[in-house]
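In the numbering used here, the protein residues as written are 246 to 381. The beta-carbon is built from N, C-alpha and C at its ideal position, and this holds for glycine as well. What follows is a short report on a single structure.
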Amino acid sequence: MVGGKNKYMINGHTAQEQAVANMLQSVQLSINNPHFLIMQGKITQVLNMHPPEILAMIEEAAGTRMFEERKDKAQKTMSKKDKKIEEISAILTEEITPKLDKLRHEKQAYLEYQKVEIELDRLRRLVVAYDYTKCE
């Protein structure tokens, strides 16, 4: 910084801010990331950081922090979904399966009842036919 203005240099030659930004973008460095360059006044602050803070700064500078946050969010979502699956499984086991078994049993009893009704109807017709032929 000279005279209240930032001074930019490339290979020892004075350059405009836009030229420096273009050069950095050409090698895919984001100038919007606050940690990709350590400004002159921040060196002492960085040297006094604890290892977790340095790791966080490096992750952010490398662009991996964003993916870690997405990963954490996805894991939380998966955890919520797993809990929901467990709840549904419990409901299925405790409530729905017994009711379904009961309904299957009732269905079987009804089918047996229908068979008996059909046989009873057949036998009644047989009796009516016998009585008719007996009367003639």
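For Lys360, no pairing in a beta bridge is given by DSSP. Counting along the chain, the unbroken beta strand (DSSP E) around His258 starts and ends at 258-260. For the pair Met254 and Gln261, the Cα-to-Cα distance works out to about 8 Å.
Remark: C-beta atoms of Glu304 and Glu298 do not approach each other more closely than 8 Å. Going by DSSP, Ile255 is part of the beta strand (DSSP E) stretching over 253-255.
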